[in-house]
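K.L.:
By the working numbering, the letter at position 256 of the sequence shown is numbered 394, and the numbering carries on one by one without gaps. Cβ atoms here follow ideal geometry from the backbone N, Cα and C, with glycine treated the same way. A quick note: this is a predicted structure, and the numbers were derived from the prediction, not measured. A single structure is presented below for examination.
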Amino acid sequence: MTAPHITFIGAGNMASAIIKGLLAKGFAADQISASCPEPAQLDTLSREYGIGTSTDNTAFTAQADIVILAVKPQVMAPVCEGLVDTVQQRRPLIISIAAGLSSGQIDQFLGGGLPVVRVMPNTPAQVGCGATGMFANAQVSPEQRSQAEAIFRAVGIVEWFEDEQQLHAVTALSGSGPAYGFLFIEALEDAAVSCGLNADQARRLAIQTLAGAAKLAAESDLPPGELKRRVMSPGGTTEQAIRTFEAGGFEALVRKAVQAAWRRGFELAGDVPPEPGAQ
Ligand SMILES: NC(=O)c1ccc[n+]([C@@H]2O[C@H](COP(=O)([O-])OP(=O)(O)OC[C@H]3O[C@@H](n4cnc5c(N)ncnc54)[C@H](OP(=O)(O)O)[C@@H]3O)[C@@H](O)[C@H]2O)c1
Numbered sequence: 139m140t141a142p143h144i145t146f147i148g149a150g151n152m153a154s155a156i157i158k159g160l161l162a163k164g165f166a167a168d169q170i171s172a173s174c175p176e177p178a179q180l181d182t183l184s185r186e187y188g189i190g191t192s193t194d195n196t197a198f199t200a201q202a203d204i205v206i207l208a209v210k211p212q213v214m215a216p217v218c219e220g221l222v223d224t225v226q227q228r229r230p231l232i233i234s235i236a237a238g239l240s241s242g243q244i245d246q247f248l249g250g251g252l253p254v255v256r257v258m259p260n261t262p263a264q265v266g267c268g269a270t271g272m273f274a275n276a277q278v279s280p281e282q283r284s285q286a287e288a289i290f291r292a293v294g295i296v297e298w299f300e301d302e303q304q305l306h307a308v309t310a311l312s313g314s315g316p317a318y319g320f321l322f323i324e325a326l327e328d329a330a331v332s333c334g335l336n337a338d339q340a341r342r343l344a345i346q347t348l349a350g351a352a353k354l355a356a357e358s359d360l361p362p363g364e365l366k367r368r369v370m371s372p373g374g375t376t377e378q379a380i381r382t383f384e385a386g387g388f389e390a391l392v393r394k395a396v397q398a399a400w401r402r403g404f405e406l407a408g409d410v411p412p413e414p415g416a417q
């Protein structure tokens with residue numbers, strides 16, 4: 139089988155991150171192309187990565203096996219309108235990374251009946267550490283599913299969901315989640331400065347501590363709760379901190395924040411959010 143041609147509609151942050159990841163994983167530059175209205179953005183991509191580029195969205199779509207829609211949700215409908223004839227003729231796999239637009243909406247924008255994979259990536263994809271949730275509609279073949287998965291595995295881990303509504307929870311967890319991590323880094327830095335460290339050293343230590351904890355949790359067979367207990371000795375410093383978090387309602391606050399993001403996802407999509415824990 140020849141390697142599929144993958145074209146990106148939209149050449150911004152997410153498209154660039156995925157292109158970089160694909161090339162690092164051995165995808166060939168002549169297998170990848172991108173289009174957007176801004177020639178300067180395209181020049182950078184063709185210079186840095188040697189991929190084909192065009193300001194005409196249909197130029198590469200006409201020969202693509204996979205079309206990745208990487209534009210902002212608010213311009214998706216008009217962008218798709220310009221692609222209808224080409225994709226209806228060619229019938230490539232469509233992958234959308236736009237937040238909040240359903241696979242049904244994307245399919246409808248493109249004239250209907252197409253294989254569509256809807257993806258919720260996150261910004262650490264820019265450094266190869268993404269966490270991506272994916273949903274495939276009924277038209278997607280097993281081979282297309284594997285192709286879609288290989289693309290996002292190039293920039294991190296992938297989880298599939300059989301119920302598209304679960305992508306709202308993915309958005310609230312891993313889509314928005316990098317911001318929760320940054321918030322915690324800031325709070326730790328601030329706290330350490332109040333204990334006498336300078337801000338630069340405090341930030342470096344906070345970042346590495348969270349990165350190290352995440353790596354240890356990923357590589358250990360033990361659940362995070364047990365890893366936490368192993369840092370806490372009775373009567374020690376960690377125990378004091380954890381007891382303080384607990385007394386302040388940390389876990390309940392995290393649950394409330396994630397549920398707020400989850401409910402907002404339903405609202406933005408025009409759906410009614412279910413009761414938490416009710417599905
Ligand atoms: N879960 C997450 O954390 C997450 C993160 C990032 C992105 N996303 C999703 O990924 C998508 C892209 O986000 P991004 O951060 O990469 O945005 P971005 O950097 O603003 O990129 C959007 C790209 O779309 C291009 N564009 C605009 N109008 C176009 C048109 N008519 N035809 C072709 N291209 C057009 C823009 O080109 P110009 O610059 O020339 O206008 C730009 O290259 C969004 O839908 C977003 O919801 C999700």
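Hey, how far is the Cα of Y187 from the Cα of S358?
P.N.:
Approximately 36 angstroms, taken between the alpha carbons.
K.L.:
So if DSSP puts T145 in a beta bridge, which residue, or which two residues, is it bridged to?
P.N.:
S171 and V205.
K.L.:
Which first and last residues belong to the beta strand (DSSP E) in which T270 is found?
P.N.:
Counting along the chain, the beta strand (DSSP E) containing T270 begins and ends at G268 to A274.
K.L.:
Relative to the alpha-carbon of A87, which residue among N260, A307, I144 and I232 has its alpha-carbon at the smallest distance?
P.N.:
Here the chain has residues from 139 to 417 only, and residue 87 is not among them.
K.L.:
Which whole-angstrom value is the C-beta distance of A286 and M272, which I expect to be below 8 angstroms?
P.N.:
Confirmed, Cβ separation roughly 7 angstroms.
K.L.:
CA-CA distance, V257 and P372?
P.N.:
Roughly 44 angstroms separates the two Cα atoms.
K.L.:
I'd like to know if the stretch 222-230 and the stretch 149-169 are in contact, where contact means that at least 3 CB-CB pairs between them fall below 8 angstroms.
P.N.:
The stretch 222-230, when compared against the stretch 149-169, does not touch it at the 8 angstroms Cβ threshold.
K.L.:
Judging by CA-CA distance, which residue of R381, I380, V278 and A349 is the nearest neighbour of D203?
P.N.:
Cα-wise, what sits closest to D203 is V278.
K.L.:
Looking at the secondary structure, which residues open and close the beta strand (DSSP E) in which E327 lies?
P.N.:
Run containing E327: none in the beta strand (DSSP E); it sits in the alpha helix (DSSP H), G315 to S332.
K.L.:
Leaving aside the five residues before and after V410 along the sequence, list all residues of the same chain whose C-beta is less than 7 angstroms from its C-beta, in chain order.
P.N.:
Once the five neighbours on either side are set aside, the close Cβ partners of V410 are F404.
K.L.:
What I want to know is whether the C-beta of V213 ends up closer than 8 angstroms to one or more non-hydrogen atoms of ligand 1.
P.N.:
Result yes, Cβ under 8 angstroms from ligand 1.
K.L.:
Closest to D245 by C-alpha separation, out of A356, V217, E377 and V265, would be which residue?
P.N.:
Of the candidates A356, V217, E377 and V265, the one whose C-alpha sits nearest the C-alpha of D245 is V217.
K.L.:
Just checking K158 against ligand 1 - is the residue's beta carbon closer than 8 angstroms to any of the ligand's heavy atoms?
P.N.:
Not under cutoff, so the answer is no.
K.L.:
Would you say the beta carbon of S173 comes nearer than 8 angstroms to a heavy atom of ligand 1?
P.N.:
Indeed, a heavy atom of ligand 1 lies less than 8 angstroms from the Cβ.
K.L.:
Between the alpha carbons of S192 and I206, how many angstroms are there, rounded?
P.N.:
Going by the C-alpha atoms only, they are around 15 angstroms apart.
K.L.:
To the nearest angstrom, report how far apart A340 and M370 are at their CA atoms.
P.N.:
Their Cα atoms are separated by approximately 21 angstroms.
K.L.:
Would you say the beta carbon of A208 is closer than 8 angstroms to some non-hydrogen atom of ligand 1?
P.N.:
Correct: A208 has its Cβ closer than 8 angstroms to ligand 1.
K.L.:
Looking only at its own chain, which residues have a Cβ that is under 6 angstroms from the Cβ of Q282, when we skip the five neighbours before and after it?
P.N.:
L231 and P253, listed in sequence order.
K.L.:
Just to confirm the assignment, what range does the beta strand (DSSP E) spanning T191 have?
P.N.:
Per DSSP, T191 belongs to the beta strand (DSSP E) from G190 to S192.
K.L.:
By DSSP, does R256 sit in helix, in strand, or in coil?
P.N.:
Correct three-state label for R256: strand.
K.L.:
Give me whichever residues DSSP pairs with W400 in a beta bridge.
P.N.:
None; W400 has no bridge partner.
K.L.:
On the criterion of 16 or more Cβ atoms from any shown chain inside 10 Å, does V213 qualify as buried, or is it exposed?
P.N.:
So V213 counts as exposed.
K.L.:
N151 to Q264, Cα distance in whole Å?
P.N.:
Roughly 8 angstroms separates the two Cα atoms.
K.L.:
In this structure, how does DSSP classify L231 when only helix, strand and coil are distinguished?
P.N.:
In this structure, L231 counts as strand in the three-state DSSP scheme.
K.L.:
Among the candidates T261, N336, R367 and K353, whose CA atom is the shortest distance from the CA of A317?
P.N.:
Considering only alpha carbons, the answer is T261.
K.L.:
Where L348 and A325 are concerned, what is the direct C-alpha to C-alpha distance, given to the nearest angstrom?
P.N.:
When rounded, the distance between both Cα atoms is 12 angstroms.
K.L.:
Would you tell me roughly how many angstroms separate the C-alpha atoms of L248 and I289, rounded to the nearest one?
P.N.:
Their backbone Cα atoms lie some 22 angstroms apart in a straight line.
K.L.:
Which one of A307, A329, Q378 and P259 has the shortest CA to CA distance from I295?
P.N.:
Looking at the Cα atoms, P259 is the closest of the given residues.
K.L.:
Need the endpoints of the alpha helix (DSSP H) that V217 sits in, please.
P.N.:
Unbroken alpha helix (DSSP H) run through V217: M214 to E219.
K.L.:
On the DSSP bridge list, what partners appear for E364?
P.N.:
Per DSSP, none; premise fails for E364.
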